[in-house]
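Everything on this sheet refers to the single structure shown next.
Numbering (our numbering), first residue to last: 4 to 320.
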């Protein structure tokens, strides 16, 4: 399909006041002004440019993003371990928490930078637009989103105090010294929420929903044609995708929590709340803000309980 027509510029000989028959039905002439009126028909979903965009990110895009992240994480961990412990085979479980956090931070930042430049080549639109990042929506709704994140965090902490959790979990290793805790606080409130929301609510949520709708699509020409010129997702697809992506979100934190299934179920519910925010606001930035405030509430409680991270022994269960 050809690119959409645009009105002729002032002074262009095409802008004649004499109406002429136009073989293109998408172009009409306003008899009062002699200007072309553009009636844009939506192009097929695979076409670049204006109109109905492609269904993105789909499952292939999500797989690429996760693969990028895993590869860069392995490379960053290998390089840092090689620098700090040259010539020695060292298990990641025995290294400094600062090294672990540093490798994750490098992997997250590198993956986001690669994605920022790579995916627009596939999508024919900016990275933020393809993901529905929409920072403006987060700014407009901040007065509602920030309290939601804080209240959610404090509520989860209250619930977590009532459920069975192992006396020692791997996550405790990141809270041994004040410098470790400050590093984790910065990482957990700034970088980690943004990366996780882009991954789970930006890529996986739409990818699973698109796949669900495609698999449930009637196998007839009319259904396929409708699929090409629309991008709407069904409620069933969003529910399925929200549940599946939330399961993966909880499993991501399983090792940190020693596979305590009660705690993981709580995280699963937190993910459902974040997914709801993302769907209702059409903005990954909104769910990121809620996620960051949720994490911040945890560190605020820890900061107060330990006297500004000076008495970490008070964390003992």
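Note that the Cβ used here is the ideal one computed from N, Cα and C, for glycine as well. Keep in mind that this is a model prediction, so the values were computed, not measured.
(request) Count the CB pairs spanning the stretch 139-148 and the stretch 204-219 that are closer than 8 Å, and state whether there are at least three. (result) no
(request) Go ahead and label residue 154 buried or exposed: buried means 16 or more other beta carbons lie within 10 angstroms of its beta carbon, across all protein chains shown. (result) The residue labelled residue 154 in the question sits at position 151 within the chain shown. Exposed, by the Cβ-count rule.
(request) Would you mind working out which of 59, 83 and 152 sits nearest residue 123, comparing C-alpha positions? (result) Residue mapping note: residue 123 aligns to position 120 of the chain shown, counting from 1. Selected option, being the one with the closest Cα: 59.
(request) Using 10 angstroms around the beta-carbon of residue 136, count the other beta-carbons present and answer buried if the total reaches 16, otherwise exposed. (result) Here residue 136 corresponds to residue number 133 of the chain shown, with the count starting at 1. So residue 136 ends up on the buried side.
(request) Could you tell me the distance, in whole angstroms, from the CA atom of residue 219 to the CA atom of residue 225? (result) Within the chain shown, the letter at position 216 stands for residue 219. Within the chain shown, the letter at position 222 stands for residue 225. So the two alpha carbons sit approximately 14 Å from each other.
(message) Quick check for students: name the residue ranges of the alpha helix (DSSP H) that lie wholly in the stretch 154-192, counting only runs of 4 or more.
(response) 181-189
(request) Could you pull out every residue in the same chain whose Cβ sits closer than 8 Å to the Cβ of residue 160, ignoring the five residues on either side in sequence? (result) For the purposes of this step, residue 160 is identified with residue 157 of the chain shown, where counting begins at 1. Counting only Cβ-Cβ distances below 8 Å, and skipping sequence neighbours, we find 300, 301 and 304.
(message) Can you tell me whether residue 137 is helix, strand or coil according to DSSP?
(response) Translated into positions along the chain shown, residue 137 becomes position 134. Looking at residue 137 - three-state DSSP - the assignment turns out to be coil, as it is neither helix nor strand.
(request) With DSSP as the reference, label residue 57 as helix, strand or coil. (result) By one-based count along the chain shown, residue 57 stands at place 54. Coil.
(message) Determine whether the beta carbon atoms of residue 317 and residue 181 lie at a separation below 8 Å.
(response) Your numbering for residue 317 matches position 314 in the chain shown. Your numbering for residue 181 matches position 178 in the chain shown. Their beta carbons are not under 8 Å apart, which means residue 317 does not touch residue 181 by this criterion.
(message) Measuring straight from C-alpha to C-alpha, what distance separates residue 70 and residue 307?
(response) As a working note, residue 70 is residue 67 in the chain shown. As a working note, residue 307 is residue 304 in the chain shown. Each residue's Cα considered, the two are about 39 Å apart.
(request) Could you spell out the range, first to last residue, of the alpha helix (DSSP H) harbouring residue 144? (result) Here the question's residue 144 lines up with position 141 in the chain shown. Counting along the chain, residue 144 falls outside any alpha helix (DSSP H), and DSSP gives it neither H nor E.
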